[in-house]
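Worksheet: the structure to be examined is printed underneath.
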Amino acid sequence: MTTNELRQKYLNFFKSKGHAIIPSASLIPENDPSVLFSTAGMHPLVPYLMGEKHPAGTTLASVQKCVRTGDIDEVGDNTHGTFFEMLGNWSLGDYFKKESIEMSFEFLTKELNIPIEKLAFTVFEGDDDADKDVESAEFWKSHGVLSDRIQALNKEENWWPAGGKNPGPQGPDTEIFYWASDEPAPEKFDPEDDTWIEIWNNVFMQFNKTDKGYEPLKQKNVDTGMGLERTVAVLNGIDDLYQIDIYVPIIKKIEEITGLKYSDKKREFRIVADHIRSAVMIMGDRNGIAPSNLDQGYIVRRLIRRAVRFGKILGIDKAFTHEVAEVVLVQMSAVYDDVKENHDNVLNQLKAEEEKFAKTLEKGLKEFEKMSSDNKISGAEAFILFSTYGFPLEMTQELAAEKGVTIDEVEFEKEMKKHQEASKKGSEQKFKGGLADSGEETARLHTATHLLQAALRKVLGDHVAQKGSNITTERLRFDFTHDEKLTDEQKQEVEKLVNEWIKADYEVNCEELSFDEAKNKGAIGLFEDKYGDQVKVYSIDEISCEMCGGPHAKRTGELGHFKIKKEKASSAGVRRIKAVLE
Ligand code: SER
450 MTTNELRQKY LNFFKSKGHA IIPSASLIPE NDPSVLFSTA GMHPLVPYLM
500 GEKHPAGTTL ASVQKCVRTG DIDEVGDNTH GTFFEMLGNW SLGDYFKKES
550 IEMSFEFLTK ELNIPIEKLA FTVFEGDDDA DKDVESAEFW KSHGVLSDRI
600 QALNKEENWW PAGGKNPGPQ GPDTEIFYWA SDEPAPEKFD PEDDTWIEIW
650 NNVFMQFNKT DKGYEPLKQK NVDTGMGLER TVAVLNGIDD LYQIDIYVPI
700 IKKIEEITGL KYSDKKREFR IVADHIRSAV MIMGDRNGIA PSNLDQGYIV
750 RRLIRRAVRF GKILGIDKAF THEVAEVVLV QMSAVYDDVK ENHDNVLNQL
800 KAEEEKFAKT LEKGLKEFEK MSSDNKISGA EAFILFSTYG FPLEMTQELA
850 AEKGVTIDEV EFEKEMKKHQ EASKKGSEQK FKGGLADSGE ETARLHTATH
900 LLQAALRKVL GDHVAQKGSN ITTERLRFDF THDEKLTDEQ KQEVEKLVNE
950 WIKADYEVNC EELSFDEAKN KGAIGLFEDK YGDQVKVYSI DEISCEMCGG
1000 PHAKRTGELG HFKIKKEKAS SAGVRRIKAV LE
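Numbering (this note's numbering), first residue to last: 450 to 1031.
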């Protein structure tokens, strides 16, 4: 079974069960400052899980592009990766446990022909907040599953998001495990035994966590997720993710470039393969992000630079990332239109980043050797590696760990702050080691977008809500709910208001608040899909109060003159404005 086959089989199956197939949402969440990337298929569906009507109906299925950045440093073993695709099917207040379990069972045993003996299941054991999930266990049994193959576990294991601590929609789940061995599976299921590999997670999203506790959602939803690559690996009896069909040509290309064998240098090969694949998918997304020192851009930068460093360890002494990227682009262009459209962009950005870093990498490594001769790297030294040689702090940390030397991170942070204060660009750092280089233009356009939204709400009404936002160094683009074309008078009125607010030179205030505090303060933005604890809230006088990742200008007076360049329909009920600061 190949990844293409499983992807297609899954979608066909759920289509035959009446699900609308929806395209993958962008990897870069719009309207959501609390997460950098989409990490699960349900991510873009949160408003609909909360009760909003989805235009495609109440039963949906998709393949979602996902990136989990927590795993970057783990990449190198046989299971970890940063980019992956997630197969998912949803019921938005439509079917619930019985049908969800029935369909999962049918798909696994009839479509994929997995013998029931190779399957095991977990369900939620119950606690003060929610009852034990006896129904799910009963439904599995009704399909012939023996009690010994069903285990009830606690909230850390059988609840999604795990532990149920964060606000937002959530609920108990039932997870499906596959016996990944040719030996017969033991009769009794032991979830601690690693040969049982989780392949599918059916979440019964029926609660919304708020500061008052778990409140029942308006509707009972189902959210399921199956990791595509991992499932292909286990179904093929392959215990190395990097040996499945989608990675084989990538690994081959690296063998070709290096003249080495994968089996001799697995860790380095995997890092190069994963990081370039992820970077390609992030840059090639329809909201594609180029390498930078900020937010998602910093992740892309880290991925590319780490790949280049490991390429060097493999003995590569020329620009090579584009050659590997080309393989990924061919594969993924067949699945995702945005990747296809961004083909040249991706290669150009990749080449530019590699070139930039290749120039300093060698010298930086020599410098690192010198600096670490006393078995420690001071904060000032780590900062020089960062600012002069372009080493992300994480890279210096990794080098230090490899060599067994220590590094003074606290002092590094201090150096970083000093530098940021000096260049007055420090307020937007989300990451250790990130320097705000994305430019003041972008920051100004972010602030202009907030003023634009406030002005639109004033002129057109409070039904105006952000549907999308995209900012380059040249212009802002803002999508919002509104049914009709704006009249010339309305456009002029909006421009006038924004320009008045700019003239008034208001301070742009930033606070870090919990979701609930932000909500209470009346901040606008999409609250429901937040998984982190804190959000940033930017407010401008009484005019605007919005949750946003930034960056922003310090004062509205910095913005210059605001002008709407274009106003047109974006999709049904959504208008799009392009505007500039002159
Ligand atoms: N949201 C759940 C997960 O990511 C199911 O899709 O596992």
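Glycine included, C-beta positions come from ideal geometry on N, C-alpha and C.
Would you tell me roughly how many angstroms separate the C-alpha atoms of T770 and H792, rounded to the nearest one? The C-alpha of T770 lies about 14 Å from the C-alpha of H792.
Exposed unless 16 or more other CB atoms sit within 10 angstroms - verdict on Q941: With fewer than 16 Cβ atoms within 10 Å of its Cβ, Q941 is classed as exposed.
Closest to K458 by C-alpha separation, out of A510, E966, I521, V583, would be which residue? Sorting A510, E966, I521, V583 by C-alpha distance to the C-alpha of K458 places A510 at the top.
Is F463 helix, strand or coil when you go by DSSP? Annotated three-state conformation of F463 is helix, per DSSP.
Report yes if the C-beta distance between H493 and A505 is below 8 Å; otherwise report no. One detail in the question is off: residue 493 reads as Pro in this sequence, not His. No, these two residues do not count as a Cβ contact at 8 Å.
Those runs of the alpha helix (DSSP H) which lie wholly inside the segment 903-960 and span at least 4 residues: Qualifying alpha helix (DSSP H) stretches, in chain order: 937-952.
State buried or exposed for S540, treating a residue as buried only when at least 16 other CB atoms are found within 10 Å of its CB. Burial is judged here by how many other beta carbons sit within 10 angstroms of a residue's own beta carbon; S540 has at least 16 and is buried.
Examine the Cβ distances between the segment 945-953 and the segment 1000-1015 and report whether three or more of them are shorter than 8 Å. Yes: at least three Cβ pairs fall under 8 Å.
Rounded to whole angstroms, what's the CA-CA distance from D823 to F573? Just pull it up for me. Taking the straight line from one Cα to the other gives about 53 Å.
How about the segment 959-974 and the segment 988-997: do they share at least three Cβ pairs that are nearer than 8 Å? Contact holds: three or more Cβ-Cβ distances are below 8 Å.
In the DSSP assignment, find the beta strand (DSSP E) that holds S1019 and state where it starts and stops. Run containing S1019: 1011-1020, per the beta strand (DSSP E) assignment.
What does the alpha-carbon distance come out to for the pair H468 and T508? Straight-line Cα distance between these residues: approximately 5 Å.
So if DSSP puts S483 in a beta bridge, which residue, or which two residues, is it bridged to? The partner list for S483 (beta bridge, DSSP) is empty, contrary to what the question assumes.
Distance, V729 Cα to V776 Cα: C-alpha separation (whole angstroms): 10 Å.
Using beta-carbon positions only, say whether V757 and L778 come within less than 8 Å of one another. For V757 and L778, no; Cβs fall outside 8 Å.
Per DSSP, S540 is paired with what? DSSP output for S540 lists T508, V671 as bridge partner(s).
Alpha carbon to alpha carbon, how far is E479 from F927? Roughly 11 Å separates the two Cα atoms.
Determine the direct distance from the alpha carbon of L925 to that of E995, and round the result to whole angstroms. Approximately 17 Å between the Cα atoms of the pair.
Return the bridge partner residues of W608 from the DSSP annotation. As DSSP reads the structure, W608 sits in a beta bridge with P621.
Regarding W608 and ligand 1, is the C-beta to nearest heavy atom distance less than 7 Å? At a threshold of 7 Å, W608 does not count as near ligand 1, since its beta carbon sits no closer than that to any of the ligand's heavy atoms.
Residue of G1022, N603, Q902, A783 minimising C-alpha distance to D932: Ranking the options by Cα distance to D932, first place goes to G1022.
Buried/exposed call for R716, threshold 16 Cβ in 10 Å: Its Cβ having fewer than 16 others within 10 Å, R716 is exposed.
Nearest-angstrom beta carbon gap, P841 and R726 [assumed within contact, 8 Å]: Their Cβ separation, rounded to whole angstroms, is 19 Å, which puts R726 and P841 out of contact at 8 Å.
Looking only at its own chain, which residues have a Cβ that is under 7 Å from the Cβ of D543, when we skip the five neighbours before and after it? T507, T508.
Using only CA atoms, which one of G500, N969, K863, F861 lies nearest to Q668? Comparing Cα positions, the closest option is G500.
Kindly list the residues whose CB is nearer than 6 Å to the CB of E647, restricted to its own chain and excluding five residues on each side of it in sequence; keep chain order. The beta carbon of E647 lies closer than 6 Å to those of E624, F626 in the same chain, with the five residues before and after it left out.
Coil, strand or helix - V1023 by DSSP: The three-state secondary structure of V1023, taken from DSSP, is strand.
Note the first and the last residue of the continuous alpha helix (DSSP H) segment covering V652. Where V652 is concerned, there is no enclosing alpha helix (DSSP H), although the beta strand (DSSP E) it sits in stretches over 645-659.
Do you know how far the Cα of K637 is from the Cα of D643? Rounded to the nearest angstrom, the gap between the Cα atoms of D643 and K637 is 14 Å.
Taking 7 Å as the cut-off, is the beta-carbon of M499 closer than that to any non-hydrogen atom of ligand 2? Among the ligands present in this structure, namely ligand 1, ligand 2 is not found.
Where do the N-terminal and C-terminal ends of the beta strand (DSSP E) with I599 fall, by residue? For I599, the enclosing beta strand (DSSP E) covers residues 599-602.
Inter-residue Cα distance where the pair is Y955 and R1004: One C-alpha to the other measures close to 6 Å.
Candidates K800, I833, T921, E804, of which the one nearest H816 by Cα: For the record, residue 816 in the displayed sequence is Glu; it is not His. Checking every option, the nearest Cα to that of E816 belongs to I833.
Straight-line Cα distance separating A897 from A904: Note on geometry: alpha-carbon atoms of A904 and A897 lie some 10 Å from one another.
Near ligand 1: T673 beta-carbon under 7 Å from a heavy atom: T673 Cβ: within cutoff of ligand 1.
Do G620 and ligand 1 come close, with the Cβ less than 7 Å from some heavy atom? It does not: the Cβ of G620 is nowhere closer than 7 Å to a heavy atom of ligand 1.
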